[in-house]
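Residue numbers (the numbering used here): 12 to 210.
Following this line, the structure appears as structure tokens:
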């Protein structure tokens, strides 16, 4: 919920900045290759652990894509999520689960009157990976935790908004979800970042 509030506040702030620009100055956003990087809050769902676990924390993403026209891009992305710490009843860390994902997605864009403000949605396929390593063998044995590695392919989706301060550089706010299974979990990232087009 905290990540959602941050994302909504950021999108609202972007909109306010956009509509306060004097006379809605016309800005022509270029096409071509772009690089995008974000950081923010991550969440894990649809995965359970023995003992006590904590999976919230910071993560980030990076993507490279090509903007074909004002309304469409295609991109490849990588996301790294907060590690999940698994503890026994005494609070000793038994293991740590590392999560990351790759994705390929199409991005639909809705620009607002050449103001530099855009909303967008992404849809594609993601590959989610989970790698659980043991940190304390005694604590892990006590709760029945073992090391493991899993991966799953599923739906990738995202939505957000971005504002171009100059034709090549935008600030963005985004929610993204990589769908895995009950071995990897489903992963979400609420983030802020920058996008740069190589004109």
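In this text, a Cβ means the ideal position worked out from N, Cα and C, and glycines have one as well. Since the model is a prediction, treat every value here as computed from it, not as a measurement.
Integer-rounded CB distance, given that residue j should sit under 8 Å from residue i
{"i": "residue 89", "j": "residue 72", "result": "7 Å"}
{"i": "residue 184", "j": "residue 171", "result": "5 Å"}
{"i": "residue 202", "j": "residue 51", "result": "3 Å"}
{"i": "residue 122", "j": "residue 81", "result": "5 Å"}
{"i": "residue 169", "j": "residue 175", "result": "About 19 Å separates the two Cβ atoms, so there is no contact after all."}
{"i": "residue 99", "j": "residue 108", "result": "Contact flag wrong, Cβ pair sits at about 15 Å."}
Chain-order list of residues whose beta-carbon lies under 6 Å from that of residue i (same chain, five-residue window excluded)
{"i": "residue 194", "result": "161"}
{"i": "residue 204", "result": "48, 49, 183"}
{"i": "residue 191", "result": "139, 163, 165, 197"}
{"i": "residue 189", "result": "112, 137, 139, 167, 198"}
{"i": "residue 187", "result": "169, 200"}
Nearest-angstrom Cα separation, counted from residue j out to residue i
{"i": "residue 138", "j": "residue 157", "result": "23 Å"}
{"i": "residue 197", "j": "residue 58", "result": "8 Å"}
{"i": "residue 2", "j": "residue 126", "result": "With the chain covering only 12 through 210, there is no way to say anything about residue 2."}
{"i": "residue 86", "j": "residue 143", "result": "29 Å"}
{"i": "residue 65", "j": "residue 124", "result": "44 Å"}
{"i": "residue 96", "j": "residue 63", "result": "8 Å"}
{"i": "residue 128", "j": "residue 145", "result": "46 Å"}
{"i": "residue 200", "j": "residue 68", "result": "10 Å"}
{"i": "residue 55", "j": "residue 113", "result": "16 Å"}
{"i": "residue 141", "j": "residue 92", "result": "10 Å"}
{"i": "residue 61", "j": "residue 70", "result": "24 Å"}
{"i": "residue 25", "j": "residue 152", "result": "Since pLDDT at residue 25 reaches only 45, below the 50 mark, its modelled position is unreliable, and no value is offered."}
{"i": "residue 115", "j": "residue 206", "result": "17 Å"}
Residues near residue i in its chain [Cβ-Cβ closer than 8 Å; skip 5 each side]
{"i": "residue 83", "result": "117, 118, 119, 120"}
{"i": "residue 43", "result": "77, 78, 208, 209, 210"}
Chain E contact for residue i (CB, 9 Å cutoff)
{"i": "residue 108", "result": "Of the protein chains in this structure there is only one, and it is not chain E."}
Just checking, does the region 99-109 make contact with the region 121-135 on the three C-beta pairs under 8 Å criterion? no
Going residue by residue through the region 71-113, where are the continuous alpha helix (DSSP H) segments of at least 4 residues, counting only ones entirely within it? none
Which residue spans inside the region 132-182 form an unbroken alpha helix (DSSP H) run of at least 4? 148-154
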